[in-house]
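Chemist: Residue numbers (the numbering used here): 10 to 126.
Think of the CB as a built atom: it goes at the ideal place given N, C-alpha and C, for glycine as much as any other residue.
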């Protein structure tokens, strides 16, 4: 999807990530740290629910932490970080970061990597 069409189907990336991990990177042999950066504009509320399901059932059980950084954008709704924080509230495996500008990207990555998990 493009800016004009209203967002990305984030679940397709989460499914692919889970498939790659399941096929090639068993958590018994690897430390797994998925990173996702986005403008926070997901295709639909249904797709966001699917993302939460994939995270809870397939990604979080095999990951040390899951890192989500949301880049501020005039094009996206920015809703996904809110949904992620609400849907996975209290889950210490999920780290989020709001990124207001390109200079903040490095700080965000440093914060993710410095979490010590």
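Quick check: what's the CA-CA separation for residue 54 versus residue 35?
Modeler: The straight-line gap from Cα to Cα measures roughly 31 angstroms.
Chemist: Starting from the C-beta of residue 39, find all residues in its chain whose C-beta is less than 7 angstroms away, skip the five residues before and the five after it, and write them out in chain order.
Modeler: None.
Chemist: Determine the closest residue to residue 18 out of 37, 43, 30 and 61, with distance taken between C-alpha atoms.
Modeler: Measuring from the Cα of residue 18, the nearest candidate turns out to be 61.
Chemist: What do you reckon, are the CB atoms on residue 80 and residue 108 nearer than 7 angstroms?
Modeler: Yes, they are a contact pair.
Chemist: Using 10 angstroms around the beta-carbon of residue 51, count the other beta-carbons present and answer buried if the total reaches 16, otherwise exposed.
Modeler: Answer is buried; the Cβ neighbour count reaches 16.
Chemist: Fully enclosed by the stretch 34 to 107, which alpha helix (DSSP H) runs are 4 residues long or longer?
Modeler: The qualifying runs are 54 to 63 and 88 to 96.
Chemist: For residue 104 and residue 82, what's the separation of their Cα atoms in angstroms?
Modeler: The straight-line gap from Cα to Cα measures roughly 20 angstroms.
Chemist: Restricting to Cα atoms, I'd like to know which of 112, 26 and 106 is closest to residue 121.
Modeler: Here the closest residue by C-alpha is 106.
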